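To start, the structure itself, in structure tokens.
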Amino acid sequence: MKEHHLILRVVTKTLVGTIILFAFYVQFHGDYSPGGGFQAGVIMAVAFILYGIVFGLHEVQRVLPAWVVHKLVALGVLVYAGTGIWNMFLGYEFLHYGSFTPDHMSHGQHSGILYVEAGVGITVTGVMVAIYYAFAGRTPRLGNDDW
Amino acid sequence: MTETIVNFILFSMLVITAFAIVRQDRLFTVVMLASVFSLLTAMLFVALDAVDVAFTEAAVGAGISTVLMLGTIALTARGAKPASRPNTLPLLVVLVTGAGLVYGTLDMPNFGDPEAPSNVHLAPHYLTNSIEEIDVPNVVTSILASYRGFDTLGETAVVFAAGIGVLMILSGLRHRRREDEEEEEDA
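As they're listed, the protein sequences go chains U and H.
Under the working numbering, the first residue of the first sequence is numbered 1, with each subsequent residue one higher.
Under the working numbering, the first residue of the second sequence is numbered 148, with each subsequent residue one higher.
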């Protein structure tokens, strides 16, 4: 396999960590600033896709194997729906987050939003990376001049 | 005044990009220009104070979908096929649809109109009560995740279904079964 340019590889290695950190910031700071599960999920997926583009599909799948990604796709929806069902077990309506702390409703809302945003983020990350894997797994590797 | 100038420049660049996309037949250039188009749209959303939407547009439209389109090009062809039939009929359809859409906007309330139907029903409740009820400073998050939690659950399910669909088509089960059979034959 022909390796990409040295500068590209070094810059990618420095960027990937920062991108993942930024994804977590967007995920958990969505209450205070623009962002949330959808955006954070995409940014998180971008970190893995960038690594995959520069170092090859095999290398990125050593970090994040395809079967893990496929489980993540379903896990996020389960976390989201599970939050709602948990609310029902606590004796309130589906997705009534106030039920987590009935004596201080807005605290429960904070936890509920945290859980469902986490669910959204997990599913979006999983779907984006899974689609990239599906494309890249079939793509013949192109040299720089083929474009 | 500044905002008008910014909007004017962004919209002009959007139109120029759209024409450049139509004129190109090298698909690599088309994908890159589509990414530029998304980025310009994201800037327009920022100018409209819709930062959450702008964020999503920049990440999904300009980022991920560009990568996926490049992946598609790598699987298919680098150039567009020349049109085999005259473009008159498609042009007519586009013009009529465009005229219909512009006619439709004439009935829409002005941008930011406080009397607009969408601003008099539930929006005032969200804006006045969300700090007391949810206590989250970003109202967009409290609407998205709490007031409209069912909606967002549905959206997540749509993302899930779309992902599963693409996986079924691209990494198809039949392909895997054939590999298993080959392994069995080898054994």
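Where a beta carbon is used, it is the ideal one built from N, C-alpha and C, also for glycine.
Remember, it's a predicted structure, so these values are computed and weren't measured experimentally.
Item: Since U:Val-155 and H:Val-306 should fall inside the 8 angstroms C-beta cutoff, what is the C-beta to C-beta distance between them, to a whole number of angstroms?; Value: Outside the displayed span of chain U (1 to 147) sits residue 155 of chain U, for which this structure offers no information.
Item: Terminal residues of the continuous alpha helix (DSSP H) containing U:Phe-38?; Value: 37-55
Item: Report the option in U:Gly-82, U:Val-63 and U:Ile-43 whose CA atom is closest to the CA atom of H:Val-207.; Value: U:Ile-43
Item: In angstroms, rounded to a whole number, what distance separates the CA positions of U:Gly-52 and U:Glu-59?; Value: 7 angstroms
Item: Apart from the five residues just before and just after U:Val-73, which ones in its own chain have a Cβ nearer than 7 angstroms to its Cβ?; Value: Thr-123, Gly-126, Val-127 and Ala-130
Item: Residues bridged to H:Arg-173 by DSSP?; Value: H:Gly-226
Item: If distances are taken between C-alpha atoms only, which option among U:Gly-91, U:Val-11, U:Ala-23 and U:Gly-17 comes closest to U:Val-120?; Value: U:Ala-23
Item: I'd like the ranges of any alpha helix (DSSP H) spanning at least 4 consecutive residues and lying wholly in the segment 274-309 of chain H.; Value: 286-289
Item: List, in chain order, every chain U residue whose beta-carbon is nearer than 7 angstroms to that of H:Val-313.; Value: Ile-131 and Ala-134
Item: My output table needs one value for H:Gly-259: the three-state DSSP class, helix, strand or coil.; Value: coil
Item: Taking Cβ to Cβ, would you say U:Gly-112 is nearer than 8 angstroms to U:Tyr-97?; Value: yes
Item: Counting only beta-carbon atoms, is U:Glu-117 nearer than 8 angstroms to chain H?; Value: yes
Item: Where in the segment 148-210 of chain H do unbroken runs of the alpha helix (DSSP H), each at least 4 residues long, occur, reported from the N-terminal end onward?; Value: 149-170, 174-194 and 198-203
Item: Quick one: is U:Gly-17 near chain H, going by C-beta distance under 8 angstroms?; Value: no
Item: Using only the alpha-carbon positions, how far apart do U:Leu-75 and H:Met-315 sit?; Value: 18 angstroms
Item: Quick one: which residues of the segment 267-301 of chain H get their C-beta closer than 8 angstroms to a C-beta of chain U? List them in chain order.; Value: Glu-279, Glu-280, Ile-281, Asp-282, Val-283, Pro-284, Asn-285, Val-287, Thr-288, Ser-289, Leu-291, Ala-292, Ser-293, Gly-296, Phe-297, Thr-299 and Leu-300
Item: So what does DSSP say about U:Phe-94, is it helix, strand or coil?; Value: coil
Item: What's the gap between the Cα of H:Ala-263 and the Cα of H:Ile-220?; Value: 44 angstroms
Item: What residues of chain U sit near H:Thr-203, judged by a beta carbon separation below 7 angstroms?; Value: Phe-38 and Gln-39
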